[in-house]
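Quick note, the sequence shown lines up with residues 3 to 201 if you use our numbering.
Where a beta carbon is used, it is the ideal one built from N, C-alpha and C, also for glycine.
None of the values given here were measured: they were computed from a predicted structure.
Working notes for the structure below.
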Amino acid sequence: MIEMLGVLAIIGVLSVGGIAGYSKALQKWKINIAINQYTHIIQGMIENQTSLRVLPHQHIDELLLAMGIIPESWNFDGSYIHDNLGNTITSYVNHMNEKTMTFEIYFGTSVNQQNISTKQICQAIIKDFIQPLHNTIYYTFLYQNSKLYLNWQGDHPISGQNNIGGDKFLKDVTPDEISKACSICENDDKTRCSLVFYF
3 MIEMLGVLAI
13 IGVLSVGGIA
23 GYSKALQKWK
33 INIAINQYTH
43 IIQGMIENQT
53 SLRVLPHQHI
63 DELLLAMGII
73 PESWNFDGSY
83 IHDNLGNTIT
93 SYVNHMNEKT
103 MTFEIYFGTS
113 VNQQNISTKQ
123 ICQAIIKDFI
133 QPLHNTIYYT
143 FLYQNSKLYL
153 NWQGDHPISG
163 QNNIGGDKFL
173 KDVTPDEISK
183 ACSICENDDK
193 TRCSLVFYF
């Protein structure tokens, strides 16, 4: 009887471990899908940059939807786009008349509130999505509650009245620095974190 209880306890521990492992793998899978979707959007914007960069300063979310660049599974509420992870996305062109395109990701502000760990999403987006675009991106900004926390510059930063230089080149940012930066993104109702990059 005691041996049977021991076996059941071991099975229970293994089951909990298996469920936790499955849950972690599922979260990683969802993040990877979102990163692929973000990459598709940026590729679409770059492919259409000639026509987008000549537009006056404006939000282009509806235009990107009409062009078929935004994934069909994402939600548009009339003002903002929400991805499958519960993040709010917006994009616009020609901020400060610099002929740039801007893409913003607001973590944890979607009506869906289905965020996996906000820090985990932030890290994955910087490491797997933004950092590989270092040759295309001019600047990346990380905000906490609408206050600039840090900014990294791409390989070819542009000069302009809104660009004060970067804390570091994006290509040289280490995984530890990404983790530390994203640690400001808390999963609570008081802290809001956003990544803004323009290219």
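First and last residue of the uninterrupted beta strand (DSSP E) at T142
Y141 to Q146
Any contact between the segment 58-73 and the segment 151-160? By contact I mean 3 or more CB pairs, one from each, below 8 Å.
In short, these stretches do not touch, since the Cβ pair count stays below three.
My parser needs the alpha helix (DSSP H) runs of 4 or more residues fully inside the segment 19-55; what are they?
51-54
What residue from V56, V198 and D63 has the CA that sits closest to I128's CA?
V198
Using 7 Å as the cut-off, classify the Cβ of I83 as near or not near the heavy atoms of the ligand MN, replying yes or no.
This structure does not include the ligand MN; it has no bound ligands of any sort.
Does the Cβ of H24 have 16 or more other Cβ atoms within 10 Å, making it buried, or fewer, making it exposed?
A small fix is needed here, since residue 24 is Tyr in this sequence, not His. It counts as exposed.
From the DSSP output, in three-state form, read off C187 for me.
coil
Let me check understanding here. Comparing Cα to Cα, which of T104, A36 and K26 lies closest to D63?
T104
Using 8 Å as the Cβ pair cut-off and three pairs as the minimum, do the segment 92-100 and the segment 119-128 touch?
no
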